[in-house]
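Everything below concerns the one structure shown next.
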Amino acid sequence: MPFIRITLGRPADAATRQRLGRRATDLIVDLLGKRRDVTAVLVEDAGEAAWLIGGEHVAGGATPAHCDIAITAGTNTPAEKARTIAALHALLAETLGDVPEASYVVIRELPAENWGYAGRTQAARRLAATTP
């Protein structure tokens, strides 16, 4: 049940947002083995004036981006996470064009008892799945 937040430093049209959301979902499903039906994506614009790299506004036509993914701790290997970070960075570059080097992909591993969906924590789901 990942939550993916993609923040852009320049405005994007609806088609670009949709493409980012769909492809990010595909990558999370394919590379991390997560369920598509509970993978949520938020694509938002921070605005050009809000984004600085090295203390300066991003010059030219580059589109800075940040991708933050929340997953349950201990559910994926370091190799799976590394492949996902590389693939998501490639997706940003393919979709947005010139992406500054300092465009980050972050995977946050949250303890199962600290988050959930539909009113139940991931820890409660695990317990229910193992209890006869």
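Quick note: the sequence shown uses full-length UniProt numbering, first residue 1, plus one each step.
Glycine included, each C-beta is placed from N, C-alpha and C at the ideal position.
In this text the structure is predicted, and so the values were computed from the model without any measurement.
Nearest-angstrom Cα separation, counted from residue j out to residue i
i, j, result
"Arg10", "Ala24", "18 Å"
"Thr16", "Ala40", "17 Å"
"Glu113", "Ala59", "42 Å"
"residue 165", "Ile107", "An answer regarding residue 165 cannot be provided, because it is not within the stretch 1 to 132 covered by the chain."
First and last residue of the uninterrupted beta strand (DSSP E) at residue i
i, result
"Ala40", "40-45"
"Arg108", "104-110"
"Thr72", "65-72"
Residue j beta carbon less than 7 Å from that of residue i
i, j, result
"Gln18", "Thr72", "no"
"Ile6", "Val29", "no"
N-terminal and C-terminal residue of the alpha helix (DSSP H) that residue i is part of
i, result
"Asp26", "14-32"
"Thr130", "122-130"
"Ala79", "78-96"
Cut-off 7 Å between Cβ atoms - residues of its own chain near residue i, not counting five sequence neighbours on either side
i, result
"Pro111", "Ala73"
"Leu31", "Glu80, Arg83, Thr84, Ala87"
Contacting residues, own chain, Cβ-Cβ under 6 Å from residue i (five flanking each side not counted)
i, result
"Phe3", "Ala40, Ala70"
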